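Residue numbers (the working numbering): 1 to 209.
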């Protein structure tokens, strides 16, 4: 992707406010890679001085390497809230900013493990609310599962399917029984389960009208 002045800020970077660091880091990495800036963050490479009597290509390459580092730093400054900016403004490179945020908000392996454990507990406590639609309940569970995955722990769709099947209210019992009688549980896909439950939900709503 072009990183010239005309296209650099064409797509706004995701802004980190101090919440959900892992998701922001994934989005921000993709954003930086798309703008050919990730190397400046990941490696913090040194820009070698120009030789005596440099060629035009050497001058151009030297300038590009310096500019890429500056753009990466500027991009990270723009990708955090004002409060967080005051904490990183003295970092002297894009890598220093990235490492500070990672250490501060992701934590070490023990902290990540505790976060995963708490998310699994939250996941297991979920029940569909009377005021929720099937889609809203699905999205809530999938959201928790994605947070677990971002922390580096696999949360398989099969577990999501199992959780949904055992936590839905009785009004969906007929659809659940039909699926269990005709399909092997590991073969039931999330999208298939959602479609079947939404179809029953729609039929119930139609009867009320």
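Backbone N, C-alpha and C define an ideal beta-carbon position, used for all residues, glycine too.
None of the values given here were measured: they were computed from a predicted structure.
Leaving out five residues on either side along the sequence, give the residues of the same chain with a beta carbon under 8 Å from the beta carbon of residue i.
i: residue 194; result: 134, 135 and 138
i: residue 176; result: 165 and 168
i: residue 95; result: 40, 41, 42, 43 and 44
Whose CA, out of the options, lies closest to the CA of residue i?
i: residue 162; options: 116, 152, 25 and 142; result: 142
i: residue 78; options: 59, 188, 28 and 202; result: 28
i: residue 74; options: 60, 37 and 63; result: 37
i: residue 204; options: 35, 60, 174 and 57; result: 174
i: residue 125; options: 160, 110 and 154; result: 160
Give the DSSP-derived three-state secondary structure of residue i in the structure shown.
i: residue 47; result: coil
i: residue 80; result: strand
i: residue 184; result: coil
i: residue 89; result: coil
i: residue 107; result: coil
i: residue 165; result: helix
i: residue 127; result: coil
i: residue 57; result: helix
Check whether the Cβ atoms of residue i and residue j sit closer than 7 Å, and answer yes or no.
i: residue 65; j: residue 47; result: yes
i: residue 97; j: residue 123; result: no
i: residue 101; j: residue 147; result: no
i: residue 13; j: residue 44; result: no
i: residue 21; j: residue 158; result: no
i: residue 69; j: residue 23; result: no
i: residue 62; j: residue 50; result: yes
Short of 7 Å in beta carbon distance, which residues of its chain neighbour residue i, apart from the five on each side in sequence? Order them along the chain.
i: residue 169; result: 128
i: residue 84; result: 16 and 18
i: residue 172; result: 197 and 200
i: residue 26; result: 150
Going by DSSP, which residues form a beta bridge with residue i?
i: residue 16; result: 80
Within 6 Å: the Cβ of residue i and any heavy atom of the ligand HEM?
i: residue 162; result: Within the structure as shown, the ligand HEM is missing, as the structure has no ligands at all.
What residues in its chain sit with their C-beta under 6 Å from that of residue i, if we drop five residues either side in the sequence?
i: residue 152; result: none
i: residue 112; result: 151
i: residue 3; result: Since pLDDT at residue 3 reaches only 43, below the 50 mark, its modelled position is unreliable, and the value read off the structure follows with that caveat. Hits under 6 Å: 35 and 36.
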